[in-house]
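A.B. asks:
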Amino acid sequence: MKVIVIGGVAGGMSAATRLRRLDERAEIVVLERGAHVSYANCGLPYYLGGTIEERDALLLQTPESLAARFRIDVRVRNEAVRIDRASRTVEVRDLATGRTYEESYDRIVLSPGARPFVPDVPGIERAHTLRDVSDADQIAEALDGDVRSAVVIGGGFIGVEAAENLRERGLDVTLVELADQVLTPLDPEMAAPVADRLRAHGVRVELGAQAAKVPAGSVELTDGRSLPADLVLLSIGVRPETSLARDAGLGLGPRGGIAVDETQRTSDPDIYAVGDAAEKRDALTGDPVLVPLANLANRHGRLVADAITGRAVRARAATGTAVVQIFDLTAAATGWNEKRLRAAGHPYQALHLHPGSHAGYYPGASPIALKVLFDPRDQRILGAQAVGDDGVDKRIDVIATAMAGGLTVSDLADLELAYAPPYGSAKDPVNMAGLIAENLTKGTARTVQWHELGDAEGALIDVRSPAEHAAGAIPGAVNIPLDELRDRAAELPEGKLIVHCQVGLRGHNAQRLLTGLGREAVNLDGGYATWAAGRSATAS
Numbered sequence: 002m003k004v005i006v007i008g009g010v011a012g013g014m015s016a017a018t019r020l021r022r023l024d025e026r027a028e029i030v031v032l033e034r035g036a037h038v039s040y041a042n043c044g045l046p047y048y049l050g051g052t053i054e055e056r057d058a059l060l061l062q063t064p065e066s067l068a069a070r071f072r073i074d075v076r077v078r079n080e081a082v083r084i085d086r087a088s089r090t091v092e093v094r095d096l097a098t099g100r101t102y103e104e105s106y107d108r109i110v111l112s113p114g115a116r117p118f119v120p121d122v123p124g125i126e127r128a129h130t131l132r133d134v135s136d137a138d139q140i141a142e143a144l145d146g147d148v149r150s151a152v153v154i155g156g157g158f159i160g161v162e163a164a165e166n167l168r169e170r171g172l173d174v175t176l177v178e179l180a181d182q183v184l185t186p187l188d189p190e191m192a193a194p195v196a197d198r199l200r201a202h203g204v205r206v207e208l209g210a211q212a213a214k215v216p217a218g219s220v221e222l223t224d225g226r227s228l229p230a231d232l233v234l235l236s237i238g239v240r241p242e243t244s245l246a247r248d249a250g251l252g253l254g255p256r257g258g259i260a261v262d263e264t265q266r267t268s269d270p271d272i273y274a275v276g277d278a279a280e281k282r283d284a285l286t287g288d289p290v291l292v293p294l295a296n297l298a299n300r301h302g303r304l305v306a307d308a309i310t311g312r313a314v315r316a317r318a319a320t321g322t323a324v325v326q327i328f329d330l331t332a333a334a335t336g337w338n339e340k341r342l343r344a345a346g347h348p349y350q351a352l353h354l355h356p357g358s359h360a361g362y363y364p365g366a367s368p369i370a371l372k373v374l375f376d377p378r379d380q381r382i383l384g385a386q387a388v389g390d391d392g393v394d395k396r397i398d399v400i401a402t403a404m405a406g407g408l409t410v411s412d413l414a415d416l417e418l419a420y421a422p423p424y425g426s427a428k429d430p431v432n433m434a435g436l437i438a439e440n441l442t443k444g445t446a447r448t449v450q451w452h453e454l455g456d457a458e459g460a461l462i463d464v465r466s467p468a469e470h471a472a473g474a475i476p477g478a479v480n481i482p483l484d485e486l487r488d489r490a491a492e493l494p495e496g497k498l499i500v501h502c503q504v505g506l507r508g509h510n511a512q513r514l515l516t517g518l519g520r521e522a523v524n525l526d527g528g529y530a531t532w533a534a535g536r537s538a539t540a541s
């Protein structure tokens, strides 16, 4: 059997090496149009920032090492330009010599990846993209020159990583994002701390801004402002690289990627597709989605090798679990966010909490902002987001695993998670989310969201301490500390009450107390901290 793998990075190389482990006799040819294979593209921003000091650390394998260990014929700078399905051949162009030749195949694995989106604005040709080692080499060469300022266009995962690392190099950095927040997979109140942390480290953040032109030494915005930019880096998304598949007559999906079944097989039974170019199946709806993440590319590459060798396989639906570091802050998410659920008209309940990363009495604990979304009809977990200095990835990974296992949100309360004071609390933040959800589901707790507060009926009661209230308060809130609430209940205005504290726990206690006294009360979910983050996001 002869297998041609087109694309030699995550998905393609995972397929090739797994195939060799399963079939020693297969002829495996990998065609990669770039100059490198099997490199750590997720590490590229950290190489530019100096965290990864040696460029060679990014090169996990070479054609020579792959040939020696796996007997794989890896050809860099060789581009597959046409697939002839009738003759079962691939036309290849050697980019070093210009020579074209043909390779026969029994099976093809397509892993062409995605190409950066480049807007059509004057001067954009001087902007850099960051997708492969060659891109990093060009940027590194530019940074060795007289570069003092940089503009990063795009505030997604790669954009904020690039802004961080260029700032670590000592550059004057501006991040320009068309949306009204960075990291659009997060909801606004969860993304606000990320923008705040970027600003705290000296990155200028321009939200709701768009580049109009890129002249020498600057970036001009559509509102007429000019930003200094000796270097410009584009990070405004990617598009699946589907030209080869389209020209071969393979089916494309509704999201513009290559359509595949649950074994990653395309519309041609002898051609498979993996990685950023292939559509995935969404875990919530089952609909096709694009999820350009390295872990899925690697997993699906391995799966394809199993399928080719006759093993029964089935790709799991994707939740899009992702994490990013922003200086000393971490943000992570899995599943759908509230914006997407609201736009789709899908029923959901949101809950916010702000627990410590580990036991508060053990030194070094820091707060985590955790948001969980679930379906109130069946308690299915729909998504989660977390932001904090420590312990964020752990909590999102636990919730992502719970989603994969079909646990309900209330089931989170009973998870037996590792506990010692340096690592967590006896009630882990994930457990606490489950307990809150259980209260909401059973009617023990009633909440209102930060963005609903303006339209909600009821007098606002702040049950924090007078010092906390003085340090920052929601306009119109009356301050009656929780410990005084029973004795001062007569001071409460008539009608419905909305109580709140700093993060939600004292507010819950106040809501239960007032309910016990016969008053109709709801708690502001996530407390003042969530409201303040939301207001910061909408005011940006």
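My numbering runs 1 ahead of the 1-based position in the sequence shown.
No residue lacks a Cβ here, since even glycine has one placed at the ideal position from N, Cα and C.
#1: Do Val220 and Val152 have their C-beta atoms within less than 8 Å of each other?
#2: Taking DSSP as the reference, what is the three-state secondary structure of His509?
#3: Taking buried to mean at least 16 other C-beta atoms within 10 Å of its own C-beta, is Pro476 buried or exposed?
#4: If we require 3 or more residues per run, which beta strand (DSSP E) segments fall completely within the segment 175 to 219?
#5: Kindly indicate which three-state DSSP category Ala387 falls into: helix, strand or coil?
#6: Below 8 Å, can you find three or more Cβ-Cβ pairs linking the segment 237 to 246 to the segment 112 to 127?
#7: Can you tell me which of Leu383, Gly336, Arg381 and Leu354 puts its alpha carbon nearest to the alpha carbon of Leu371?
#8: From this set, Leu454, Asp136, Lys281 and Gly35, which residue's C-alpha is nearest His301's C-alpha?
#9: Where Ile7 and Ala81 are concerned, what is the direct C-alpha to C-alpha distance, given to the nearest angstrom?
#10: So the beta strand (DSSP E) Leu374 belongs to, where does it begin and stop?
#11: Enumerated in chain order, which unbroken segments of the alpha helix (DSSP H) with a length of 4 residues or greater are wholly contained in the segment 19 to 89?
#12: For Leu254 and Thr130, what's the separation of their Cα atoms in angstroms?
#13: When we look at the beta-carbon of Asp288 and count the other beta-carbons within 10 Å, is it buried (16 or more) or exposed?
#14: Below 6 Å CB to CB, which residues in the same chain sit around Ala460 once its five sequence neighbours on both sides are set aside?
#15: Are the beta-carbon atoms belonging to Val10 and Asn42 less than 8 Å from one another?
#16: For Glu178, collect the residues of the same chain with a Cβ closer than 6 Å to its Cβ; drop the 5 residues on either side in sequence, then sort them by chain order.
#17: Can you check which of these residues, Val31, Val119 and Leu514, is closest to Ala68 by C-alpha distance?
#18: Among all the DSSP beta bridges, which residues are the ones paired with Val91?
#19: Look at Leu234 and Ala163 and say whether their C-beta atoms are less than 8 Å apart.
#20: Do you know whose CA, among Leu418, Lys443 and Gly425, lies nearest Pro377's CA?
#21: If you check the beta carbons only, do Ala366 and His359 fall under 8 Å apart?
#22: For the putative contact between Ala246 and Ile259, defined by C-beta atoms under 8 Å, what is the C-beta separation to the nearest angstrom?
#23: Please determine, among Val195, Asn480 and Arg86, the residue with the shortest C-alpha to C-alpha distance to Thr267.
#24: Report the start-end ranges of each alpha helix (DSSP H) in the segment 291 to 319 that is 4 residues or longer and not cut off at the edges.
#25: Does the distance from the C-beta atom of His452 to that of Gly535 stay below 8 Å?
#26: Quick one: any contact between the segment 411 to 430 and the segment 386 to 403, if contact means 3 or more CB pairs under 8 Å?
#27: Kindly indicate which three-state DSSP category Lys281 falls into: helix, strand or coil?
#28: Starting from the C-beta of Ala516, find all residues in its chain whose C-beta is less than 8 Å away, skip the five residues before and the five after it, and write them out in chain order.
#29: Within its chain, find whatever has a CB closer than 7 Å to the CB of Arg256; leave out the 5 residues flanking it on each side and keep chain order.
#30: Below 8 Å on the Cβ atoms is my contact criterion, and I expect Asn524 with Gly505 to pass it. Report the Cβ-Cβ distance as a whole number of Å.
#31: When the distance is taken between beta carbons, is Met191 closer than 8 Å to Ala284?
#32: Can you name the start and end residues of the beta strand (DSSP E) that Ser150 belongs to?
#33: Val500 to Ala478, Cα distance in whole Å?
#34: Using only the alpha-carbon positions, how far apart do Ala193 and Leu172 sit?
#35: Considering only C-alpha positions, which residue in the set Ala530, Ser537, Val110 and Thr448 is nearest to Gly276?
#36: Can you look up Thr409 in the DSSP assignment and give me helix, strand or coil?
C.D. replies: The structure says:
#1: If you number the sequence shown from 1, residue 220 lands on position 219. If you number the sequence shown from 1, residue 152 lands on position 151. It is a contact, given that the beta carbons lie within the stated cut-off.
#2: Residue numbering aside, residue 509 sits at position 508 when the sequence shown is read from its first letter. Looking at His509 - three-state DSSP - the assignment turns out to be helix.
#3: Position 475 of the sequence shown holds residue 476. A residue is called buried when at least 16 other Cβ atoms come within 10 angstroms of its Cβ; Pro476 does not meet this threshold and is exposed.
#4: 205 to 208 and 212 to 214
#5: In the sequence shown, residue 387 corresponds to position 386, counting from 1. Ala387: strand per DSSP, three-state reduction.
#6: yes
#7: Within the sequence shown, numbered from 1, the residue matching residue 371 stands at position 370. Nearest option by C-alpha distance: Leu354.
#8: As a first step, residue 301 is located in the sequence shown; it is residue number 300 there, counting from the start. Relative to His301, the option among Leu454, Asp136, Lys281 and Gly35 whose CA is nearest is Lys281.
#9: For this step, residue 7 is matched to residue 6 along the sequence shown. For this step, residue 81 is matched to residue 80 along the sequence shown. The alpha-carbon atoms of Ile7 and Ala81 are separated by roughly 7 Å.
#10: Here residue 374 refers to the residue found at position 373 when the sequence shown is read from its first residue. Per DSSP, Leu374 belongs to the beta strand (DSSP E) from Ile369 to Phe375.
#11: Runs of the alpha helix (DSSP H) lying entirely within the segment 19 to 89, each at least 4 residues long, are 45 to 50 and 64 to 71 in chain order.
#12: Taking the sequence shown and counting its residues from 1, one reaches residue 254 at position 253. Taking the sequence shown and counting its residues from 1, one reaches residue 130 at position 129. Going by the sequence as given, residue 254 is Gly instead of Leu. In a straight line, the C-alpha of Gly254 is about 26 Å away from that of Thr130.
#13: For the purposes of this step, residue 288 is taken as the residue at position 287 of the sequence shown. Exposed: under 16 other Cβ atoms inside 10 Å.
#14: To locate residue 460, count along the sequence shown from 1; it is residue 459. Hits under 6 Å: Pro494 and Leu498.
#15: Looking up residue 10 in the sequence shown gives position 9. Looking up residue 42 in the sequence shown gives position 41. Against a cut-off of 8 Å, the Cβ pair of Asn42 and Val10 comes out as a contact.
#16: In the sequence shown, counting from the first residue as 1, residue 178 sits at position 177. Cβ neighbours of Glu178 beyond the five flanking positions: Gly156 and Leu208.
#17: Within the sequence shown, the letter at position 67 stands for residue 68. Taking only the C-alpha atoms, the option nearest Ala68 is Val31.
#18: On the sequence shown, residue 91 is found 90 positions in, with the first residue counted as 1. Ile84 and Glu104.
#19: Here residue 234 refers to the residue found at position 233 when the sequence shown is read from its first residue. Here residue 163 refers to the residue found at position 162 when the sequence shown is read from its first residue. Yes, Cβ-Cβ distance for Leu234 and Ala163 is below 8 Å.
#20: In the sequence shown, counting from the first residue as 1, residue 377 sits at position 376. Residue Lys443 is the option with its Cα nearest to Pro377.
#21: Position 365 of the sequence shown holds residue 366. Position 358 of the sequence shown holds residue 359. For Ala366 and His359, yes; Cβs fall inside 8 Å.
#22: Residue 246 sits at position 245 when you count from the first residue of the sequence shown. Residue 259 sits at position 258 when you count from the first residue of the sequence shown. Between Ile259 and Ala246 the Cβ distance is about 5 Å, and since that is below 8 Å, they are a contact.
#23: As a working mapping, residue 267 is identified with position 266 in the sequence shown. Selection Val195, Asn480 and Arg86 evaluated against Thr267 yields Arg86 as nearest (Cα-Cα).
#24: DSSP runs (the alpha helix (DSSP H)) wholly in the segment 291 to 319: 295 to 309.
#25: The residue given as residue 452 occupies position 451 in the sequence shown. The residue given as residue 535 occupies position 534 in the sequence shown. Closer than 8 Å, so yes.
#26: yes
#27: Numbered from 1 along the sequence shown, position 280 holds the residue referred to as residue 281. Reduced to three states, the DSSP call for Lys281 is strand.
#28: Position 515 of the sequence shown, counted from the start, is the residue given in the question as residue 516. One point to set straight first is that residue 516 is Thr, not Ala, in the sequence displayed. Taken in chain order, the residues that qualify are Ala522.
#29: Indexing the sequence shown from 1 puts residue 256 at position 255. Same-chain partners within the cutoff: Glu280, Pro289, Val290 and Leu291.
#30: Position 523 of the sequence shown holds residue 524. Position 504 of the sequence shown holds residue 505. Yes, they are in contact, since the Cβ atoms of Asn524 and Gly505 sit about 7 Å apart, within 8 Å.
#31: Along the sequence shown, read from residue 1 onward, the residue named residue 284 stands at position 283. Along the sequence shown, read from residue 1 onward, the residue named residue 191 stands at position 190. It is not a contact, given that the beta carbons lie outside the stated cut-off.
#32: The residue given as residue 150 occupies position 149 in the sequence shown. In this chain, the beta strand (DSSP E) harbouring Ser150 covers Ser150 to Ile154.
#33: Within the sequence shown, the letter at position 499 stands for residue 500. Within the sequence shown, the letter at position 477 stands for residue 478. When only Cα atoms are considered, Val500 and Ala478 end up about 9 Å apart.
#34: Numbered from its first residue, the sequence shown carries residue 193 at position 192. Numbered from its first residue, the sequence shown carries residue 172 at position 171. Answer to the nearest angstrom: the Cα atoms are 23 Å apart.
#35: As a first step, residue 276 must be located in the sequence shown, where it is residue number 275. Closest option to Gly276, judged by alpha-carbon separation, among Ala530, Ser537, Val110 and Thr448: Val110.
#36: If you number the sequence shown from 1, residue 409 lands on position 408. Strand, per DSSP.
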